[in-house]
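Engineer: The working numbering puts the first residue of the sequence shown at 6, with every later residue one more than the last.
For each residue, glycine too, the CB sits at the ideal point set by N, CA and C.
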Amino acid sequence: MFEEGQLKSLGIASGLVGLNVAVMWVFAFTPLSSINSLLFGTFFLLGVIVYGAMLTGGVWIAKKGVREDKTGLAIGGATLVQIAYGLFGAGALGALSVTLQATAIIITGIITTGIAVLSGILVFGTDHDFSSWGRYANYIFMGVLGVSLIGSFSPAVTILALALSLIGFIVYLVHQIYTTKTRPGKPLLNGIGLYTAYMGVFVEILQIVAELLLRRE
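#1: Determine the DSSP secondary structure at Gly-10, reduced to helix, strand or coil.
#2: What would DSSP say about Pro-189, mapped onto helix, strand or coil?
#3: Evaluate contact between the segment 34-53 and the segment 74-93, counting only Cβ atoms and requiring at least three cross-stretch pairs below 8 Å.
#4: Among the candidates Glu-8, Thr-84, Ser-136 and Asn-41, whose CA atom is the shortest distance from the CA of Leu-178?
#5: Should the segment 112-120 be regarded as contacting the segment 148-168, the criterion being three or more beta carbon pairs within less than 8 Å?
#6: Taking its Cβ as the centre, do 16 or more other Cβ atoms sit within 10 Å of Gly-125, making it buried, or is it exposed?
#7: How would you label Leu-43, buried or exposed, when you count the other beta carbons within 10 angstroms and need 16 or more for buried?
#8: Between Gln-11 and Arg-72, what straight-line distance do the alpha-carbon atoms span, to the nearest angstrom?
#9: Can you tell which of Gly-52, Ile-172 and Lys-191 has the C-alpha that lies nearest to the C-alpha of Phe-207?
#10: Starting from Gly-251 and walking both ways along the alpha helix (DSSP H), at which residues does that stretch end?
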């Protein structure tokens, strides 16, 4: 069912995801876990811009390094993405006990993987063209910026920004899966794309799961 290049992409993405989860868990035990509160607490839009810039820049640098066969550049870009997701995830985990941190990661992993599997079934199980979904994701993320600006002055609106971010990453995940399906000959590029999209969904769901667990603690 899957071509060799597609399986390689999945393997690369899985490795990067596993590493990133480990990074965020380590960060959760350090002062770095307070960066989220500092950024979003100072001015909500500031946090969105900083993380958005780190992710966008990191992915661009990593893919540029792959295309130009510059290993250092590719590793540097991937590292920037790892740090961005690591800091964001650590902010959600930092307020929880060690046991609840593990619980939050497991629950989030199950939910996110479920979403990824359903997205994969949607892409591989149909002949629909999802090539434009990358553009749709960009539109949604631009909407997140606008809503975040309003949310900086009206905290209640930030919930909408988080919801839009989750939707945007799911749309982006579908697009990346479609790219992997239609261009299997670029496993490293596809792997980076899948990893970035999956982790985007992961950290947004982690925020929700961590908050629910914190309320029960």
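Structural biologist: In short:
#1: The sequence position of residue 10 within the sequence shown is 5, counting from 1. Three-state result, Gly-10: helix.
#2: Sequence index remark: in the sequence shown, residue 189 carries index 184 (1-based). Three-state result, Pro-189: coil.
#3: yes
#4: Taking the first residue of the sequence shown as position 1, residue 178 is located at position 173. The shortest C-alpha separation from Leu-178 is found at Ser-136.
#5: no
#6: Indexing the sequence shown from 1 puts residue 125 at position 120. Gly-125 should be labelled buried.
#7: Residue mapping note: residue 43 aligns to position 38 of the sequence shown, counting from 1. Exposed, because fewer than 16 other Cβ atoms sit within 10 Å of the Cβ of Leu-43.
#8: Sequence index remark: in the sequence shown, residue 11 carries index 6 (1-based). Sequence index remark: in the sequence shown, residue 72 carries index 67 (1-based). Distance between the alpha carbons of Gln-11 and Arg-72: 18 Å.
#9: As a first step, residue 207 is located in the sequence shown; it is residue number 202 there, counting from the start. Minimum Cα distance to Phe-207 is reached at Ile-172.
#10: Given that the chain is displayed from residue 6 to residue 222, the structure contains no residue 251 and the question cannot be resolved.
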